[in-house]
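Chemist:
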Amino acid sequence: IQRVLTVLRKTTGINAIGIRLQEGDDYPYLDQSGFSNDFVLTENSLIDFDENGHQCRDIYGNVCLACTCGMVISGKFNPSNPFVTPGGSWWTNDSFQSLKLLSNKDERFHPRNKCMMKKYASIALIPIRTNEKNFGMIQFNDFRQNVFNSEIIELLEGLASHIGSAIVRKQAEEILKESEKRRNAILQTTMDGFWLIDL
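Number 193 in the numbering used here belongs to position 191 of the sequence shown; there are no gaps in the numbering.
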């Protein structure tokens with residue numbers, strides 16, 4: 003992931019890139035390049051808590067994910083939203099103008115707008131998905147305006163799809179390795195003879 007971020011940042015020239023991956027109910031940064039430490043500390047978790055210290059949940063018991071990142075990952079947006087692509091990405095070349103538009107009818111849960119406060123003008127949030135389920139996101143932030151266009155976003159969506167496939171494959175390999183370890187441990191500790199029968 004670090005190598006991917008380094009190559010992406012070098013080839014695109016974008017100021018800051020981060021990859022969020024699911025960890026339990028949350029989606030913290032697995033890795034990032036270019037974001038300040040205080041930005042990562044305050045924005046690492048997308049989960050909000052109520053006044054009693056409980057995680058905020060919707061009527062179905064799902065954790066409510068905050069701000070625009072949460073909206074993209076959860077896929078909870080109006081398809082007519084002008085900032086959202088058919089692939090579920092959210093992007094803008096002028097976050098300060100989009101903030102004015104969003105305030106009229108904001109679909110986001112607990113908007114933090116930290117990216118805008120940090121003066122990032124161009125922002126692209128690309129979901130990482132497999133089997134129609136989002137399990138992460140790649141975030142591209144730049145201080146310049148007009149960094150993105152629909153062709154670039156489409157390319158980034160394709161890239162996110164490849165990254166998603168690679169991550170799923172790696173996770174499957176890790177599960178298989180762990181399963182093999184457990185099987186070998188059982189075989190080494192058992193004192194009884196047994197047969198393996200392939201039906």
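Glycine residues also receive a C-beta, built at the ideal position from the N, C-alpha and C atoms.
Just so it is clear, the structure is predicted and the values come from calculations on it, not from any experiment.
Please confirm whether F145 and Y122 have their CB atoms less than 8 angstroms apart.
Modeler: The answer is yes: Cβ separation under 8 angstroms.
Chemist: Candidates D28, D33, S38: which alpha carbon is nearest K116's?
Modeler: Of D28, D33, S38, the residue nearest in Cα terms is S38.
Chemist: Could you spell out where the beta strand (DSSP E) holding D33 opens and where it closes?
Modeler: From DSSP, the beta strand (DSSP E) with D33 extends over 31–35.
Chemist: For A68, which of P81, D52, T132 has the nearest alpha-carbon?
Modeler: Comparing Cα positions, the closest option is D52.
Chemist: Report the residue from L23, N95, R131 whose alpha carbon sits nearest the alpha carbon of S47.
Modeler: Checked all of L23, N95, R131; the closest Cα to S47 is L23.
Chemist: Identify the residues that DSSP records as bridge partners of P129: which are they?
Modeler: Per DSSP, M139.
Chemist: Since L7 and I16 are thought to touch, with beta carbons under 8 angstroms apart, how far apart are those beta carbons, to the nearest angstrom?
Modeler: In fact, because the Cβ distance is near 10 angstroms, the residues do not count as touching under 8 angstroms.
Chemist: Opposite Q57 in the DSSP bridges: which residues?
Modeler: According to DSSP, Q57 bridges with F51.
Chemist: Let me confirm a value: P81 is counted as buried when at least 16 other C-beta atoms fall within 10 Å, else exposed. Which label applies?
Modeler: With fewer than 16 other Cβ atoms within 10 Å, it is exposed.
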